[in-house]
Each structure stands twice: as structure tokens, then as C-alpha cells.
Ligand SMILES: [Zn+2]
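Numbering (UniProt numbering), first residue to last: 1 to 460.
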């Protein structure tokens, strides 16, 4: 008996341990893990000597080909960046009616899911979708059950100053409907009116330099939003997931509501663990994201709360803009968002493992297994036999200097420009097929598939 592929000679990392072992892959599935002598022969033998064998990274927060100004990135380009970054599953967003251009006011969330799935037909890596609920009207709640049927089991709402923000009253009602269906409520939490007030103050003062941007969305506004959202989530009994936690004050609030550890979960993003607001001096509006980059003390707090489990996932919030949109004099004329999916694994490896001594199993938990389990993808983020052979071969000793010129993303800049980090992706496999090898994407566009997600079980 033979199998398609044996990966041998490397150190495999699971959420709980590291061990020298080989991995057998057949028909896109991991069939066995153990000593090579105990495994069947592989038609292809991949020598992973000196490398870590990790589950593919699951990034549950990316924006691809979403708004008109964002057409710099397509599924083909952004999933190529993911493949080079060791990211084998993305969770993107489906909007009611399609893109954030909202041209069709009558089209449903299900139409939006079909629209985004069609865009994803050129993906190199697998992808799922969150549904976004931005239309504040009662019919919106009728769109939840069909979306779940289509494999979209989490729903995002924005409490924000964006044009897609909804009221707390609507969020409260949405949480009850989402709870009834046992799905996940995903929240962007920044208090909108305080942010608006701060922004107009800075505008009046003429403080348009990007270094001043973080002052328009201070840390307490994020904590205020989190407190309101968590209070409503607790009352509704919904599974609650807070996106892009950036500061100590917000993490403190999340921790206070995690009384039994089961219904409240939260992520931070790689950039909040690696950068503070001073990076605006070098990269200007390219680092203009919301919530904003904050202080070194907040960077330290992200690791503190990751260690305690209050924060259990690290994502990117990847979003693409050409520098032509970002290269404007005043930050308030720039769109929000930064691309980073290609850099997330090496940067977080450097910051967490190399600089702060966190373990490889920790890295696998927050970047692979926790996001997969949180969002109902039992086939992903694990090296257990019987699951998808989504695997990253990672060289922890190779150092690299990040340069935007090597972006596979259409984004022409990087918030990590010039940073030297320890660790590099050697190869990435999606369902047993090598999609990235060194600096090259080697799969055909369309290798990636849509992942129909289950309703996640958060009881364990
Ligand atoms: Zn986002």
C-alpha cells in the first residue's frame, strides 16, 4: 500500500506538544502521523529536516475584493499572499446584497454569499465567509437561517462610525436571533459618537498628519464599545466573538465578562502584537487601521491577555489599498486597512516565540486550532488523522527582511517594511497539494474551495 505523500524528518507541532514524526497524506487527507517506518510508502517524499511541520494557519478575519476602492486586491492575488504566508484557510465577509458598494438594496445576504463565493473561485487557499448585517431592518433576521444552511455560521455587526454601523438596539435584537440559531455574533466595538467627536476635534485643530490619527479613536472608546456589546451578548446568551482587540482597556472588559470561559471569545491582530503608533512616522497612512495602533504598553498587554486566554486568536484584518488611496495629505481622506496576510506567521513567530519565549504549541493554538474550532471547521487547523492535509513547513531559523516589493498581494506597501524577522515559510500545502514553495505560488488559481462551516460547539 502507498499513499500520495509522506512528509518526514521535521518536528510536528500540535496544540499540545512537539514531536519528531512523519505525516502520511492521501487524497488530500492526513491518514497517519508517526515514525516513518510505521507508515506506508509515499509516492512523493518531502524532506522536512530542520523544519517545523505546522497545521496551516487559519485567518478568520480578512477583507478581499470588498469595496470599489479595494479592487486592488482580488481573490487570486490575496490568496496567493496567503499561500506564501502559510495561511491555508481564510474567513472573509459576505455583505447583504453583495459588496460594500450596496448597489442593490433588495438583494439578500444569501445573494451576497453567492456573490463572494463566485469571486472566491480563483482562490489558491480555502475560504469561508462571515455574514455582515448592516441593514437595520427587521427582514434582516429572516436572512440568518438560510445563511447558516449555506455554511455561514457567524454574523458580524459594526458598532462604528463607518457607513455600515448599526445601533445598539439593532445589535441587541440581532444577538437574540443569532442566539436562537446557536450561531456566533461577531462585533466591531468602538463607541461611535465619541470617535466622531474626537475626529471632528482633530480636524478643527488641523491635525491631519498620520501620526495624529490614533488620537481620533482612543483606547477607552474601544473599551466602552466592548462593555456595551458584552452586556448585550450576556443578556442574549449568544456566542460572542470580539474582533481586533488592540488595547489593555478593552481586554480588561472582555476578561471581566468571561466568567465561565465558554461564551465570550476575542481576537487580537498580528499588528497589535508587533507595532505601536510610532510606525506612522515611517509608513504614514499605510498603517491607518481601526482600531488604531496604540502604545508599547498595549503591545505588552496583548501578550499578557493572550497568555491568560482572554484573547485566544490572532488574525490579520487584511485589507488592500493601493498607495494612491493612502498617499493623501490628511489621514481623514485615507481609507482604513492594511495588508498583512503574507507576513502574519513570520512576524507573530518572531514577536511571540523568538522575542518573548512563547511555545510553538501556543502559536499553533492561537493561529490554527483555536480559530478553526471557534468558527466550526473541524477539518482545519489540526494535524489529526482524518482531517484536511493543510500544512505549513516553517523554517524557524531563516531570517528575512520584509519588503513590500515581494508582496503577492496587489498592495504596494507593507506596514512591516524593512523589519527583519526570524522565521520563514518554506512550503504550504492545501489539502495535500503544495500551493507555495519558497517565494513561488505553484498552484493554479481555483485550487481553494469554499468551506461550509458548522455551528461551532464552544462547550469544550
Ligand atoms: Zn476587519
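Using N, Cα and C, we set each Cβ at its ideal position, and we do this for glycine too.
Please report the residue range of the beta strand (DSSP E) in which residue i lies.
i: residue 59; result: 57-59
i: residue 416; result: From DSSP, residue 416 is part of no beta strand (DSSP E); its letter is neither H nor E.
i: residue 240; result: 239-245
i: residue 343; result: From DSSP, residue 343 is part of no beta strand (DSSP E); its letter is neither H nor E.
i: residue 381; result: Per DSSP, residue 381 belongs to no beta strand (DSSP E) and is neither H nor E.
i: residue 442; result: Per DSSP, residue 442 belongs to no beta strand (DSSP E) and is neither H nor E.
i: residue 3; result: 2-8
i: residue 19; result: 18-20
i: residue 315; result: 313-315
i: residue 269; result: 264-269
i: residue 302; result: Taken as a continuous stretch (DSSP letters only), residue 302 belongs to no beta strand (DSSP E), being part of the alpha helix (DSSP H) at 296-308.
i: residue 34; result: 29-34
i: residue 198; result: Not the beta strand (DSSP E): residue 198 falls in the alpha helix (DSSP H), residues 192-204.
i: residue 349; result: First-last for residue 349: undefined, no H or E at that position.
i: residue 148; result: Not the beta strand (DSSP E): residue 148 falls in the alpha helix (DSSP H), residues 144-149.
i: residue 211; result: Here residue 211 belongs to no beta strand (DSSP E), and DSSP marks it neither H nor E.
i: residue 187; result: 184-189
In its own chain, which residues sit with a C-beta less than 7 Å from the C-beta of residue i, not counting the 5 before and 5 after it?
i: residue 45; result: 6, 8
i: residue 121; result: 446
i: residue 16; result: 361
i: residue 431; result: 28, 388, 389, 390
i: residue 20; result: 11
i: residue 48; result: 7, 8, 9, 10, 393
i: residue 136; result: 166, 167, 170
i: residue 433; result: 443, 447
i: residue 119; result: 65, 75
i: residue 181; result: 144, 145, 148
i: residue 404; result: 412, 413, 414, 417
i: residue 77; result: 408, 409, 410
i: residue 358; result: 352
Are the CB atoms of residue j and residue i within a distance shorter than 8 Å?
i: residue 227; j: residue 253; result: yes
i: residue 392; j: residue 281; result: no
i: residue 373; j: residue 153; result: no
i: residue 183; j: residue 155; result: yes
i: residue 259; j: residue 314; result: no
i: residue 214; j: residue 293; result: yes
i: residue 130; j: residue 93; result: yes
i: residue 240; j: residue 233; result: yes
i: residue 185; j: residue 175; result: yes
i: residue 33; j: residue 88; result: no
i: residue 242; j: residue 288; result: no
i: residue 192; j: residue 160; result: yes
i: residue 401; j: residue 420; result: yes
i: residue 438; j: residue 426; result: yes
i: residue 100; j: residue 53; result: no
i: residue 347; j: residue 270; result: yes
i: residue 36; j: residue 4; result: no
i: residue 458; j: residue 324; result: no
i: residue 285; j: residue 72; result: no
i: residue 283; j: residue 413; result: yes
Leaving out the 5 sequence neighbours to the left and right, which residues in its chain are closer than 6 Å to residue i when beta-carbon positions are compared?
i: residue 349; result: 423
i: residue 123; result: 75, 79, 448
i: residue 229; result: 187, 189
i: residue 143; result: 108, 109
i: residue 115; result: 98
i: residue 471; result: Within the shown structure, residues of the chain are numbered from 1 to 460, placing residue 471 beyond reach of any answer.
i: residue 199; result: 216
i: residue 95; result: 112, 132
i: residue 150; result: 113
i: residue 339; result: 318, 320, 409, 411
Looking only at its own chain, which residues have a Cβ that is under 8 Å from the Cβ of residue i, when we skip the five neighbours before and after it?
i: residue 378; result: 372, 387, 454
i: residue 312; result: 265, 266, 267, 306, 365, 366, 370, 374
i: residue 382; result: 14, 15, 55, 368, 369, 372
i: residue 296; result: 276
How close, in whole Å, do the beta carbons of residue i and residue j come, if the pair is a contact with beta carbons under 8 Å?
i: residue 105; j: residue 97; result: 7 Å
i: residue 201; j: residue 332; result: Between residue 332 and residue 201 the Cβ distance is about 12 Å, and since that is not below 8 Å, they are no contact.
i: residue 395; j: residue 51; result: 6 Å
Start and end of the alpha helix (DSSP H) containing residue i?
i: residue 254; result: 248-257
i: residue 99; result: Careful: residue 99 lies outside any alpha helix (DSSP H) and carries neither H nor E.
i: residue 112; result: 109-119
i: residue 289; result: No alpha helix (DSSP H) holds residue 289; DSSP gives it neither H nor E.
i: residue 225; result: 219-236
i: residue 371; result: 370-374
i: residue 361; result: 360-364
i: residue 180; result: 168-180
i: residue 293; result: No alpha helix (DSSP H) contains residue 293, which DSSP labels as neither H nor E.
i: residue 84; result: 75-84
Heavy atom of ligand 2 less than 7 Å from the Cβ of residue i, yes or no?
i: residue 124; result: You won't find ligand 2 in this model; what it holds is ligand 1.
Does the region 313-329 come close enough to the region 60-67 to have 3 or more Cβ pairs within less than 8 Å? In short, these stretches touch, since the Cβ pair count reaches three.
Decide if the region 242-256 is in contact with the region 206-224; the criterion is three or more beta carbon pairs, one per stretch, under 8 Å apart. Judged by Cβ distances under 8 Å, the region 242-256 makes contact with the region 206-224, as three or more pairs qualify.
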